[in-house]
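A short worksheet on the structure shown next.
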Amino acid sequence: KKKAQLTLDAELQNNNPVGLQVGVYHLSYFPDEYRFHFNAHNLVVYGKENDTYLISDPVMETTTTLTEKELELVRFAKGAFAPKGHIYYPIQYPKELDLAKAIKIGIKSTCRDMLAPVPIVGVKGMRLVAKLIRKWPVKKGKKVANHYLGQIVRMQEEIGTGGGGFRFIYGAFLQEAAVILKNEKLKELSTEITEIG
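Letter 11 of the sequence shown, counting from 1, is numbered 2 in this note's numbering, and no numbers are missing.
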């Protein structure tokens, strides 16, 4: 654990923002309703002042902080998908950005992921989850089914991927991509995905 902290601190000393996978249950700045045992949450540590880490968390409206002890607790949370203190960070920065190339790669990657032949990914994954949800009341009972559904909503819409909110973000991305790539079709798709909401 000490080595993991020293590695994190060294990257911060080099002004390198560091991504962390953490457990959310012990995040002291999370409201109680967001706290449950989920170890696949990601945040960015962008600095340190004395024994306090400066945190950017996509769930929070503003930046926040964690003490060394608090950060260690969430970095080494136990359970499924335990983060084990792993970090990720940029190892180099390009001199110039080729946005057109990055946009094309991003769009292709998104299409591939959404249309993947694997039944637990993309559109097929969404359909599978919808089918399973319909069966829960009979298989698990109404109380457990409601609890599971609440967990899914919390993970997808509140503290996870953003759920439907990501359609708006992707629509905005396509709108900007249309300008950079000078592609009217992307502008049309942006409008369409935004209207879908």
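Glycine residues also receive a C-beta, built at the ideal position from the N, C-alpha and C atoms.
Which residues DSSP lists as bridging residue i, in chain order
i   : result
I46 : V36 and T55
L11 : L34 and I78
Close-in-space but distant-in-sequence residues of the same chain around residue i (CB under 7 Å, 5 per side omitted)
i    : result
L106 : G113 and V114
Closest by C-alpha distance to residue i, when choosing among the options
i    : options              : result
P8   : L140, Y80 and E148   : Y80
E63  : L165, L(-3) and L140 : L(-3)
G38  : E59, A93 and A73     : E59
E183 : Q147, I160 and I143  : I160
L34  : N41, E40 and F21     : F21
N6   : G162, Q83 and K130   : Q83
L180 : G162, L88 and P49    : G162
Three-state class that DSSP yields for residue i in the structure shown
i    : result
D89  : coil
P128 : helix
G156 : helix
F72  : coil
F164 : helix
Q83  : coil
V193 : This structure leaves residue 193 out entirely; the chain is present only between -8 and 188.
A121 : helix
R26  : coil
CB contact check: residue i to chain C, cutoff 8 Å
i   : result
I96 : As a matter of chain content, chain C is missing from the structure shown, which is built from one protein chain.
Residue i - containing alpha helix (DSSP H), residue span
i     : result
E175  : E175 to I187
L18   : Unbroken run through L18: none, as it is neither H nor E.
K(-6) : K(-7) to Q4
L140  : K133 to V144
6 Å CB neighbourhood of residue i in its chain, flanking five on each side removed
i    : result
P85  : none
R26  : Y16
A168 : I94 and L177
E61  : S19
8 Å Cβ shell around residue i - same chain, five flanking residues per side excluded
i    : result
V135 : W127
G156 : E148
M51  : Y20
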